[in-house]
Every structure is written in C-alpha cells, then in structure tokens.
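Undergrad: Below is a structure I'd like to ask you about.
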Amino acid sequence: MRFEIALVLLACLQFVSAHLTANETSAYLQLKNDRLFVSVNKTTGGIDTLVLDGQDLLGSAAYIPYSPGGSSGNGRYGVGPYLDCYCIPASGPSSTGSGSYTPGSLDPTYQLFHGVDTHNVSYGGVVMSEVYPPTGQLLQQYWFLRDGETGLHTFSRIAYHNSTTPFLRNLQEFRTLFRPSTELWTDLVTDNELASPMPIPNPASGNLTNSTTVQDATWYIGNRTADPYAEEFADYFTKYTFAAEWRDQTVHGLFGDGSQSKDNATFGAWLVMNTKDTYYGGPTHSDLVVDGILYNYMVSNHHGAGTPNITDGFDRTFGPQYYHFNKGPAGSSWRTLRDEAVQYASPSWNADFYDSIADHIPNYVPTVQRGAWKAKVKLPKGAKRAIAVLAQNGVDYQDNVIDPLAYQYWADIGSDGKVGIERVKAGTYRLTVYADGIFGELVKDNVVVKAKKTTDAGTLKWEAESAGTELWRIGTPDKAGGEWRHGHVPAKTPLHPPEYRIYWGAYDYLSDFPNGVNYHVGRSDTYKDFNYVHWSVFGGYANTQRPQQTAGHGEINNWTITFDVDEHKLAHKKNATFTIQLAGAKTAAGNSDTFNATQPWNNIPFVVVVNGHELEPWIIPYNQSSSCATRSAIACYTLSHKFLFPTSYLASNGTNEIVLSLPYNATDYESAVLPRSIYVQYDALRLEVK
C-alpha cells in the first residue's frame, strides 16, 4: 500500500496555491486557475488542451501533411502555443527536409514552476527543453500562468555552443503558433483597421476545396458561394494579406462570433506584443500575424528582413509576449474583445512579475539592468509621425541582426518634440530619427544608456536633408509605397481592404498602362498614373490571369517622368540631385540575402536617363533584396540613392524627361510558384538644384 502511494506521488506532482494549480503527471504538465486550464503534452512538447470558462479553444488533434506553399510547419493542428523554427541543417532529420523543426518530440525534458510574485500573486510555469542531437542546439519554450489572468506569458530560447562547427546556418524562422482545429474561430484580426471573416474552408489549413492555387501560399476562392471572406473581403486569400508592420502593432488574433460556442458567447485569442525589444529589424519590420493560425514571429526573412546567423556562442531568449484569451457576451464584437487585450500591450505591464521569474529565464534582462532615454528633437518643417529608434550601434536599424544579441526600442516623438523610452537594456545604441514627409534621417551613434539611470540627450536639431532648391517631388517619403495605383486604394468590396494586400496578379499592369508609365509632374495623379510596382517583365509564372510572360518593348522596364522648369529656377544653378527612395527592391536574391552565382541579376543596375543623358547606374545589392509586392506588401527593406548630374542636362522653359530603367527582361529562378521578374517599389522621388 505504501509503495502504491509513493508511485502516485511520483506520477503526479502538484502545487496548489489559492486558485492556481501547477500539476505534473507522467504524460502532461498542467496549469490551471479559476478560468483558464492549459495542458502541455510531454510527447509533442506543446499545449494540446486549452480551455477558457469551460470552452475548448483548440479543438481535437488533427494533422495536415506538409506540402510546399501549403500548411505551415509540421502540419499539426489543435495545438499551441508551441515553438517552431527553421533553424536546423536542411539536410538533417526534419519533418520536411527543409530545415524546419518543431522541438519537443525527440527527447524533451520539462520543469514545472510554482511561486508567488512580488505582488503576492500566485503563478505557475512550464519549460520544455530539447537538444537537437545532430547539432547540439538547445531550444526552450516557457509558458507562465498567473492567478486572475486568462493568458500565457511566453519566452522562447535558442542556444548554440559548438566550436567544432562555429557557423551552423541562419536562423531563418523562429516563432510560436496557436493552431486550433475547431470551428469556434470565425474571424481574422490584424489590428483595429484590418479584419475579415475566415474563409470556409480555409486553404491555409490545407483544405483546398473550391480553391485554386495561383502562387505559393495564395489561392483564388472567388468562385465560392456562401463564403463570407469571398463575399466581403476579396477573391484571393493568402496569409500575407494580414501581415503587419511592427511599429504600431499591439494585438492581433482570432475571434469567434459565438455561432459555434456552447452558449453563443464570443471568444478571442490574441497575441499581445507587450515587448518588442528582442525582435529584429526595427519599427519597419513586417511579418505574418494571423491566417487561421495565430503567430508570434520572433524571426523571419519574410519581406526581405535580415536574419541572424547561428554561430558558436549564440544564445538568445525572445520575449516576453502574452497570449490573451477572453470571452464576451453573445453579440459582442471583435473590437470589444481586442480592446481588452490592447491594455496589456506595454513593456511596463507586468514588469514586476517578469522580475519575479527572472531567475527561471536565461538571458532575461530585469529592471535593475535597464535604464531610460529621453530627448527633445527640433523637427524639420512638415515632419509628421516622427519616431526615434534606438538599435544596434553603427548600423542601419534594419540590419541589427549583425549583432544577434542587440536589443531595439522606439517611441513616437510628440508634437512638442519630446520623446522618451523606458525600460531600455543598458548598452550603447544608434539613434535614428525619421518622419513622414521628410527625406533622409537623423542618425547619431554611441548613445549610452546606463542601468537605473535616465540618459537625457538634451535638444537635438534635425536639419532636413537638402541638396539645394527643390524643383519637385513625387510621393511622400514615409518608408512605404502606398500612394500609387493599387497601393492604399480601397478595394471595391464591402470591407474595403487596401488593394496592395490582395494578390498582385489581380491587377494587370499591361491593361492599366498599355503605353507604360508616363507621369507628368504637377498634372498626373499618383493614385492613377504611377503603378505601385515597377516590373522588369510582367506575366508568366504565378500569374493566372496573364500566364504568358511579356518583356514588352520598353513600356514595362522603362518608366517616364516629364516636367517643366522655369528658366529662373535654373539661373546660377550648376548641380542637380535626383533622389530616389525605395520601399523595396527584389533582385535574384529574393528574401535570402544570398548571392546565387547561377543568376545574372543578384545585383540590379538601376539606370536613370535625363534628357538622353544616361547617369551612372545605381547598383542595388543582393543583400538588400525583398520579396515585397508579391507578398502583399508596400514596405519592406527600404533603401535610397542620389543621382548627381549637371543642370546643363535640363532644359529651361521646356519639357524635360527622366527615364527610370530596370534591366530589360530581367528574371530569376524561383523554386516556389512566385513571379520571376525583378522589380522595385518606390517610396518617393525628388529633384533638387544648386
């Protein structure tokens, strides 16, 4: 009898405090408070039961076999949040042979936590740890539940210590997924402006009934009847439609309208980005957020973002982020439930709790190791939506993966020029200030933030970038290309999503611009006369409406800008500067930043011709390439260049012509079903004389 009791005690380790329980059995680790119950399956390494107020939020286990461009990751549904990555050698054992890996099924170990934080609130936690045998990589996933909360605080860690193989590969993707298989969830929500009913069935989950694949991870479903997505949002569906830029992103998730719940109550599952300092790429980084799966993408190369290299000594813990689950009365809207989650989207929220559990979280930076920074910025006239960014010292914030241990922060600058950032990890940073309406940036290196102190940078004067008298500009410099045809233009559907978010092949460039782009400054309309993508070729691969690739006769790869200049504006002026800011550029390198020796267009020569005078080409490098418009985006890896030429090239009191030229018929190899054309997307253009 005593032996049997001992076995039971060993098999079921339980901590009980007030209304929170942390429990371990031979098969599960479970956390429970008055409203939320979660269970981590020891066999798979992820949560497979998640119940809020008696309602199952995950559904039963399901599996969709992997197929390129189809179901994401290992294909398991009815699970999450769980950890997943593209981080192992592509030739090693994995579910797809592509380098993808879902830790927790090989030989995981677990630890159960239970304690009381500094506010006397009970918490429980679980950590799953697994070493990938062929490389020795350590991956860990942490889940914490507090008494009185209906959400999970999560941290994710990857570490690599191997001096024999000091370079392993890049960390291409690192993410957690909440991946339900239940019909409870009816709507996808990116932010307060972008939401839609979910397609029925959802092709992103592997069910391709009444859908046609038009390109990788993109489907035509316009032939469906009684599908609320097709009726209200668009004829095409892709996970990229619902992507978000990190600058203002706070909460995204899934909403259940009550039609499939037990008591007609509404439900929400939300990823709250309460901290962003362990992400990469700064405020202009964009990524997938929801498509039927609720994502927390901590690292990816989507939209051309940089990814860190996994080298000997790499050890990074991402987080915290917070998965919040909530319930509303019958008939309540997704906005009501999302608004509840938004209140938690602050780095200061629950900071004391994170300090309480810091000993459990390797690499977490507690409050005592953080400081603050503030300044007053004298902004140039016309600056709007100004922002201050602290990121890796000495490099463009977009490239802060160069130091994989670097942190990042940003804050909006007030109308009075004041800006402050709290909870900054002690260290040395580059300050970058930019704003809508202003070309260029204010950049200052060696900004030091000390622990437990506030660094006051005083008054900083930002002199607007200028190369003389501005003759004209096209577009608004804002690190995005939305003010063009098929950019921010609302689609003609009841929910009016911006056209750029829909599959690019829905818009036929050759029909829109049969004679090419011919834009006259001061007379043309940017939303009608300037396309949102400058292609080298059009049609062909991944274009179901125009399956035959067309190189044209110069009307595709060459765009023409015409303008008039008064004689007095050129008087005593000798030098001209033509500035081009790009919201993205796709070379043969795609998103990979890898030089492919088999392809001729890794680096793109972008040519400008002024009244017949060809200027020195701008060589757009392979490591600044993005797959942008073809992934439903208008802002990716941004870049800029200044073309210099004598004003003698310009005609006074007459019409001038500038030709923007990409290489003719320039394409690349695509392993996935994606368009092969190289292309650029414009942010803004400006001509100055001096």
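Each residue of the sequence shown is one higher than the one before, counting from 810 in our numbering. Just so it is clear, CB atoms sit at the ideal spot from N, CA and C, and this is done for glycine as well.
1) Which whole-angstrom value is the C-beta distance of Q1390 and S1434, which I expect to be below 8 Å?
2) Consult DSSP for Q1207 and reduce its assignment to one of helix, strand or coil.
3) To the nearest angstrom, how far is it from the Cα of P1213 to the Cα of A899?
4) Compute the Euclidean distance between the alpha carbons of A1192 and A1289, then round it to the nearest angstrom.
5) With distances taken between CB atoms, is the gap from H1343 to L1453 smaller than 9 Å?
6) Taking the C-alpha atoms as reference points, what is the distance between V1151 and D956?
7) Between the Cα of P1138 and those of G1077, K1382, S1165 and E1479, spot the shortest distance and give me the residue it belongs to.
8) Can you say whether M1422 is buried or exposed, counting buried as having 16 or more other CB atoms within 10 angstroms of its CB?
9) Does the beta-carbon of F983 have 16 or more other beta-carbons within 10 angstroms, so that it is buried, or is it exposed?
10) State the CB to CB distance for the pair L947 and Y932, rounded to an integer number of angstroms; the pair is presumed to be in contact (CB under 8 Å).
11) DSSP puts V1416 in a beta bridge; with which residues?
12) Please classify D1221 as buried or exposed, where buried requires at least 16 neighbouring CB atoms within 10 angstroms.
13) Quick one: give me the first and last residue of the beta strand (DSSP E) that D1321 is part of.
14) For G1226, which residues from the same chain have a beta carbon less than 7 Å from its beta carbon, with the 5 sequence-adjacent residues on both sides left out?
15) To the nearest angstrom, how far is the alpha carbon of A1398 from that of C896?
16) Return the CA-CA distance between S1155 and I967, expressed in angstroms with no decimal places.
17) Could you check where the beta strand (DSSP E) with W1368 kicks off and where it finishes?
18) Just curious, the alpha helix (DSSP H) that A1160 is in, first and last residue?
19) Enumerate in chain order the residues of its own chain whose CB-to-CB distance from P1414 is below 7 Å, with the five nearest sequence positions on each side excluded.
20) If you pair each beta-carbon of the stretch 1050-1068 with each one of the stretch 997-1013, do three or more pairs fall below 8 Å?
21) The ligand GTP heavy atoms versus the CB of A1197: any closer than 8 Å?
22) If you draw a straight line from the alpha carbon of W1281 to that of E1250, how long is it in whole angstroms?
23) Would you call L867 buried or exposed, if buried means 16 or more other Cβ atoms sit within 10 Å of its Cβ?
24) Can you grab the Cα-Cα spacing for the pair Q1217 / Y1089, in whole Å?
25) For K1190, which option in E1274, N1159 and N850 has the closest C-alpha, if you only look at C-alpha atoms?
26) Locate the beta strand (DSSP E) running through E1279, then write down its first and last residues.
27) Please look up how many angstroms separate the CB atoms of T1018 and P1010, rounded, as I've assumed it's under 8 Å.
28) Pull up the DSSP beta-bridge partners for R966, would you.
29) Report the three-state DSSP secondary structure of W1182 (helix, strand or coil).
TA: By the coordinates alone:
1) In the sequence shown, residue 1390 corresponds to position 581, counting from 1. In the sequence shown, residue 1434 corresponds to position 625, counting from 1. The C-beta distance from Q1390 to S1434 rounds to 16 Å, too long to meet the 8 Å contact threshold.
2) The residue given as residue 1207 occupies position 398 in the sequence shown. In the displayed model, Q1207 falls within a helix according to three-state DSSP.
3) The residue you call residue 1213 lines up with position 404 of the sequence shown. The residue you call residue 899 lines up with position 90 of the sequence shown. Rounded to whole angstroms, P1213 to A899 spans 21 Å at the Cα level.
4) As a first step, residue 1192 must be located in the sequence shown, where it is residue number 383. As a first step, residue 1289 must be located in the sequence shown, where it is residue number 480. Each residue's alpha carbon lies about 15 Å from the other.
5) By one-based count along the sequence shown, residue 1343 stands at place 534. By one-based count along the sequence shown, residue 1453 stands at place 644. Cβ atoms of H1343 and L1453: not closer than 9 Å.
6) Translated into the one-based positions of the sequence shown, residue 1151 becomes position 342. Translated into the one-based positions of the sequence shown, residue 956 becomes position 147. Inter-residue distance for V1151 and D956 is about 20 Å (C-alpha atoms, whole angstroms).
7) Against the sequence shown, residue 1138 aligns to sequence position 329. Out of G1077, K1382, S1165 and E1479, G1077 has the C-alpha closest to the C-alpha of P1138.
8) Your numbering for residue 1422 matches position 613 in the sequence shown. Sequence check: residue 1422 is His here, not Met. Note on H1422: under 16 other CB atoms within 10 angstroms of its CB, so exposed under the neighbour-count rule.
9) Taking the first residue of the sequence shown as 1, we reach residue 983 at position 174. Looking at its Cβ environment, which holds 16 or more other Cβ atoms inside 10 Å, F983 is buried.
10) For the purposes of this step, residue 947 is taken as residue 138 along the sequence shown, with counting starting at 1. For the purposes of this step, residue 932 is taken as residue 123 along the sequence shown, with counting starting at 1. Not quite, the Cβ-Cβ distance comes to about 24 Å (not below 8 Å), so this is no contact.
11) To locate residue 1416, count along the sequence shown from 1; it is residue 607. Per DSSP, S1470.
12) Walking along the sequence shown from the start, residue 1221 turns up at place 412. When all chains shown are included, D1221 counts as exposed.
13) Taking the first residue of the sequence shown as position 1, residue 1321 is located at position 512. Where D1321 is concerned, there is no enclosing beta strand (DSSP E), although the alpha helix (DSSP H) it sits in stretches over Y1318 to D1321.
14) The count along the sequence shown starts at 1 and reaches residue 1226 at position 417. Excluding sequence neighbours, G1226 sits near K1185, V1186, K1187 and L1188.
15) Residue numbering aside, residue 1398 sits at position 589 when the sequence shown is read from its first letter. Residue numbering aside, residue 896 sits at position 87 when the sequence shown is read from its first letter. Roughly 20 Å between the two C-alpha positions.
16) Here residue 1155 refers to the residue found at position 346 of the sequence shown. Here residue 967 refers to the residue found at position 158 of the sequence shown. Near 25 Å, if we compare the C-alpha coordinates of I967 and S1155.
17) Counting from 1 along the sequence shown, the entry for residue 1368 is found at position 559. N1367 to V1374 is the extent of the beta strand (DSSP E) around W1368.
18) Numbered from its first residue, the sequence shown carries residue 1160 at position 351. Its alpha helix (DSSP H) spans residues A1160 to S1165.
19) Taking the first residue of the sequence shown as 1, we reach residue 1414 at position 605. Within the same chain, and ignoring the five residues on either side of P1414 in sequence, the residues whose Cβ sits closer than 7 Å to its Cβ are P1426, I1428 and P1472.
20) yes
21) The ligand GTP is absent from the structure shown, which contains no ligand whatsoever.
22) By one-based count along the sequence shown, residue 1281 stands at place 472. By one-based count along the sequence shown, residue 1250 stands at place 441. Rounded to whole angstroms, W1281 to E1250 spans 20 Å at the Cα level.
23) Position 58 of the sequence shown holds residue 867. L867 is buried by the Cβ-count criterion.
24) As a first step, residue 1217 is located in the sequence shown; it is residue number 408 there, counting from the start. As a first step, residue 1089 is located in the sequence shown; it is residue number 280 there, counting from the start. Straight-line Cα distance between these residues: approximately 7 Å.
25) Against the sequence shown, residue 1190 aligns to sequence position 381. Minimum Cα distance to K1190 is reached at E1274.
26) Counting from 1 along the sequence shown, the entry for residue 1279 is found at position 470. T1278 to I1283 is the span of the beta strand (DSSP E), which, as asked, contains E1279.
27) Position 209 of the sequence shown, counting from 1, holds the residue named residue 1018. Position 201 of the sequence shown, counting from 1, holds the residue named residue 1010. Between the beta-carbon of T1018 and that of P1010 there is about 5 Å, and that keeps the pair under the 8 Å contact cut.
28) Here the question's residue 966 lines up with position 157 in the sequence shown. Bridge partners of R966: Q949 and T1126.
29) For the purposes of this step, residue 1182 is identified with residue 373 of the sequence shown, where counting begins at 1. If DSSP states are grouped into helix, strand and coil, W1182 belongs with the strands.
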